Structure formats: C-alpha cells, structure tokens
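Structure, as structure tokens:
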Amino acid sequence: MSGLIALLDDVAGLAKVAAASVDDVATQAVKAGAKAAGAVIDDAAVAPKYVHGFAASRELPIIWRIAKGSMFNKLVFLLPAGLALNAFAPWMISPLLLLGGAYLCFEGAEKVAHVMGLVSHHSEDHAEEVVDDPAHLEEEKASGAIKTDFILSAEIMTIALAAIPASTFWMEAATLAAVAILITVVVYGAVALIVKADDVGLFMAERGRFALTRSVGAGVVRAMPTFLWLLTVIGTAAMLWVGGSIIIHSLHELGWHLPYEWIKAQASMLAYAIGGPTDVLKWVFTAAMDGIFGVALGLLLIPIATKLITPVWRAIFRRKA
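The opening residue of the sequence shown carries number 909 in the numbering used here; numbering runs sequentially from there.
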C-alpha cells in the first residue's frame, strides 16, 4: 500500500511539473507573440483582400486554405529553421531582426506615402485580371496569399524567437510552436469574422425578427468600411512602431547604443516634464519616437526597394520561371 501511495505521489509530482511547464510555455508564447504585434496586425489587415470579389460561399474555404498554408509555413519550415538558427548561429538573429524591422518600416512608410500621394502602392502595379475560370483565380489568390504570409510569418517567428528567454531546446520548441498556432488561430479567426461580418449584418438587417435586430444589422453593414479602414490605420501604425523599435533595439544589441539611449533619455525627460503616470508616459513617448524613426527609415528605403531590389528580384524569378 505504501508503494502505491509513493507511486501516486510521484505521478502527482510529475503532473505538477508538466502543468508548470505548460503554463510556462503558454506565458512565454503570449509574451513572445505580443512582441510581434506589428506583423500580426498587418497580417490580419492584409488577409481580407484575398477574398474580395469571390462568392460569399467561397470566402471561408479560401481563408481556411490560407490558414492551413500559414500553419504549414510556420511549423514545417520556419520553426525548424528558427531553432537551428538559435542553436548554431544565434549571432544571426539580430541581423535578421534588422532586416525584418526594415521590411516593416518600408511597408508602413509606403502606405503612408501612398495616402499622401507621394508614391503608388505596389499592390496597384497589377490591375485586377479578368479570369473566366473562378477555380483558377481562387488557386492564384490563395497561392499568392500563402507566399505573402510566409514573409510575415518569418518576421513573426524571428521576433518571437528573439523574445523567448534562454531555456532548454524542447521548451523553446514548444513555445515557438505555441506562438505559431496561437497567432495563426487569432489572425485567421479574426479575418473570418471580419470577412463574414457584413454578411451577418445584412442577414440581420433583412431577416431580423425585431426592429432592434434589424437596426444592429444595418449598423454593422454601415460600420464595416470604417472598421476596415481603422484596422489598416492601426496595422500601419503598429508596423512603424514595431519596425522602428526592432531596428533601434537590434542596433543596441549589436553595440550601437546612441539611438536607443537618446530615445530613452528624451522619453524620460518628456514624461517627467509632463508629470502623471511616468512609466506610461515613457512608454507612449518611446513608442511615438520609435514610430517616427520607422517612418523616416521607411521613406529612405522606398526608392531603394522600388528602384533596385524589386527589379532585381523580379528579374531573377522571371528567369527561373
């Protein structure tokens, strides 16, 4: 009997350790995912355009297909690559973060410049094609979305990897996998809700039994264009903030401390000058200056990307095709 009690006690102890490990993984995954907020919001803001123009019955199947491709990208390609990088070449993480941050700054600044009429957005370079075969168009759109998602997923996974505290290989693997699953579910779950919101609103407005139901439905339909615009604005601001922050922190890690220290000092000075909740104000001013830095860097990168990198990229891939 004493042996059975000892065995049960050992099992209980193992269960507590396992539960603690799961809790640690979940906590680290949430924190790491939060660090990738800019890319995550951009992912959610970009994805709805891929179902534009399709029949309502095809919207959710297309989103599901893109979500599966996104999950495959993260778990099969990016997760092993990230773990190998962390194990054998951790010195490459900061340079890769610099590239990812520069991409976020470029994307955000390009959207700002497009709104200001300074440049045409790259998505306008290709007019919508008239395709007689809807299945072919769906295949083309889904494939393009999965390729775009791969870039955003690579940024998200790299940012998350850098945010994970040093631990055992399996803890890092579990945390990164949890980040991949959590972000994919959140992003494409949100995209599905956004895409179908106007259909639900229209159904409520036309077939609602009560006047209140019909009014709410009509309100949802009217609000969706504004909501999508607001999501784009928030996504752009988040990209610029996170991109600038990544660049500044990565330069700090690589030994160039001036931008990081200057922004930190200015944020502290402004927070103390205004008074009030100092820590909150420091964060607000730091985020604002990171975002301004992101805009400035992104505007500098626009001509480099559009006049040099994009033509070379297209020439290489057209030659391969």
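A virtual CB, placed ideally from N, CA and C, is assigned to each residue, including glycine. What you are looking at is a predicted structure, and each value in this text was computed from that prediction instead of being measured.
Of Ala1085, Pro1211 and Leu1004, the smallest CA-CA separation from Leu1026 is found for Pro1211. Around the beta carbon of Tyr1096, 16 or more other beta carbons lie within 10 angstroms, which makes this residue buried. The Cβ atoms of Ser978 and Thr1092 sit closer than 8 Å to each other. Using a 10 angstroms sphere on the CB of Ser1123, the tally of other CB atoms stays under 16, which defines it as exposed. When DSSP assignments are scanned along the stretch 1174-1205, no uninterrupted stretch of alpha helix (DSSP H) that is 4 or more residues long falls wholly within it. Excluding its 5 nearest sequence neighbours in each direction, Asp1106 has C-beta neighbours in its own chain below 8 Å: Val1128, Val1129 and Met1132, listed in chain order. With respect to Ser1153, Leu1006 sits apart: the two C-beta atoms are not nearer than 8 Å.
With fewer than 16 other beta carbons inside 10 angstroms of its own, Tyr1180 counts as exposed. Fully contained in the stretch 988-1072 is no beta strand (DSSP E) run of length 3 or more. Counting every other CB atom within 10 Å of its CB across the protein chains shown gives Gly1052 a total below 16, marking it as exposed.
Shown here for Val1020: same chain residues with a beta carbon closer than 7 Å to its own, the five before and five after excluded, namely Thr1144 and Val1203 in chain order. For Ile1156, the enclosing alpha helix (DSSP H) covers residues Ala1119 to Glu1161. At the C-beta level, Gly1016 and Leu1138 stay beyond 8 Å of one another.
In the structure shown, Trp1164 falls within a coil segment according to DSSP collapsed to helix, strand and coil. Per DSSP, reduced to three states, the secondary structure at Ser1075 is coil, with no helix or strand assignment.
Here Thr1186 is exposed: its Cβ has fewer than 16 other Cβ atoms, across all protein chains shown, within 10 Å. The beta carbon of Ala1113 sits closer than 7 Å to the beta carbons of Arg1122, Gly1125, Ala1126 and Val1129 from its chain, once the five residues preceding and following it are set aside; these are given in chain order.
Per DSSP, Gly977 is one residue of the alpha helix (DSSP H) stretching across Ala964 to Phe980. The Cβ-Cβ distance between Lys982 and Ala1088 falls below 8 Å. Within a 10 Å sphere around the beta-carbon of Ser965 sit fewer than 16 other beta-carbons, which makes this residue exposed. Straight through space, the alpha carbons of Ala1043 and Ile970 are spaced by roughly 11 Å.
DSSP places Gly1109 within a helical segment (H, G or I) once states are collapsed to three.
Spanning the alpha carbons of Ala963 and Gly1109 requires a straight line of approximately 17 Å. Here Ser1061 has Ser978, Asn981, Lys982 and Leu986 as same chain residues with Cβ atoms under 7 Å from its own Cβ, once five neighbours each way along the sequence are excluded.
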